[in-house]
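What follows is a set of notes on a single structure, which appears directly below.
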Amino acid sequence: MSTTTAQLTWDACYNTRDLGGLPTAGGGQTHTGVVVRSDILARLTPAGVQAIIGYGVRAIIDLRSPDEVAQEPYTLPQPTGGGSLPVYYNLPFVDRSQLDPAIFAQAHDLTAEYCLMLDHCMPQVAAIVEQIAGLNQGATVIHCHAGKDRAGLIAALLLALAKVPAPIIAADYAASEERLWPLYHQLVAAAAGDPARLAQLPPKPSAPPERILATLDHIATRYGDVNAYLLQAGVAPQTLTRLQERLVQPHSE
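Here this note's numbering is used: the first residue of the sequence shown is 1, the next is one more, and so on.
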């Protein structure tokens with residue numbers, strides 16, 4: 001049993017890994033081929049599309065806002081080697097156009113922003129979790145843009161629901177930093193000599209494990225645990241049970 005998530009190589013994706021194979025309380029482990037976290041899939045090449053079909057992906061949940069989707073729409077090339085494109089769902093985690101700007105003005109760092117996202121976007125979190133729980137065939141990909149923040153939070157909630165120990169959840173989150181550096185270097189090289197483009201580059205990749213540990217602590221302090229948080233968000237109890245059964249492979253004697 002591994003204590004790190006399995007990195008996947010899908011052409012034009014950088015931050016993609018399966019949430020399976022991680023130890024859970026009670027001696028079990030998370031199922032492989034159920035949930036994959038990733039950065040944006042809109043750039044996938046034909047080879048990348050064939051890779052996701054070959055991996056058994058049947059659904060894609062895009063956590064980006066409508067504005068982001070309009071800028072980089074989900075338009076994958078049709079597969080040429082057999083299989084059909086996964087079903088696509090756009091379920092924004094955070095749509096800032098629908099939120100009071102003063103909410104996030106309170107955030108003094110990204111950890112605080114994560115906590116505000118969880119506190120103020122509970123209906124959106126519930127919709128995402130309900131959708132994942134309702135997809136019973138094949139693997140489901142959850143992604144945002146870089147696959148670090150919004151996808152990282154949903155991944156952390158799912159792993160905590162599966163009773164993966166917090167340090168291992170934090171290690172999965174932290175893996176995004178190493179995975180995103182090659183993309184950042186490419187963006188810097190492409191913008192070389194163009195001050196305007198350089199000024200528009202995203203921040204350098206940063207995913208310290210302490211950030212997600214502090215976020216999990218916030219959930220524990222304010223709500224009790226992840227189960228209680230998701231119930232308060234509006235996820236049905238039977239949905240949580242069904243999702244836990246999908247996520248966790250019990251220990252076999």
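Cβ atoms here follow ideal geometry from the backbone N, Cα and C, with glycine treated the same way.
* To do: Leaving aside the five residues before and after Ala207 along the sequence, list all residues of the same chain whose C-beta is less than 6 Å from its C-beta, in chain order.
  => Lys148, Tyr173, Ala174, Ser176 and Glu177
* Work out the CA separation of Ala214 and Gly54 for me, nearest whole Å. => 37 Å
* To do: Could you name each continuous beta strand (DSSP E) segment of 3 residues or more that falls completely within the segment 21-73, going from the start of the chain to the end?
  => 35-38 and 57-62
* Near Pro86, which residues of its chain fall below 6 Å by C-beta distance, leaving aside the five closest residues on each side in sequence? -> Val57, Arg58, Ala59 and Ile60
* Asked: Who are the near neighbours of Leu135 in its chain, counting only those whose CB is closer than 6 Å to its CB and skipping five residues on each side?
  -> Ala59
* Asked: To the nearest whole angstrom, what separates the beta carbons of Leu240 and Leu118, a pair I think is in contact under 8 Å?
  -> About 16 Å; that fails the 8 Å criterion.
* To do: Go ahead and label Glu81 buried or exposed: buried means 16 or more other beta carbons lie within 10 angstroms of its beta carbon, across all protein chains shown.
  => The question names Glu, but residue 81 is Gly in the sequence shown. Exposed is the call here.
* Roughly how many whole angstroms lie between the Cα atoms of Tyr223 and Ala170? -> 20 Å
* Cα separation between Pro66 and Thr75? -> 14 Å
* List in chain order: all unbroken alpha helix (DSSP H) runs of 4+ residues lying wholly within the segment 109-177. => 110-120, 122-134 and 150-161
* Would you identify the three-state DSSP class for Gln249, choosing helix, strand or coil? => strand
* If we call anything under 8 Å between Cβ atoms a contact, is Ile40 one with Trp10? -> no
* Should Leu243 and Leu22 be called a contact, given that it needs their Cβ atoms to be closer than 8 Å? -> no
* To do: With DSSP as the reference, label Asp217 as helix, strand or coil.
  => helix
* Alpha-carbon spacing of Asp95 relative to Glu68, whole angstroms -> 10 Å
* Asked: DSSP on Val94, reduced to helix/strand/coil?
  -> coil
* Asked: Where does the unbroken alpha helix (DSSP H) through Ala228 begin, and where does it stop?
  -> Val226 to Ala233
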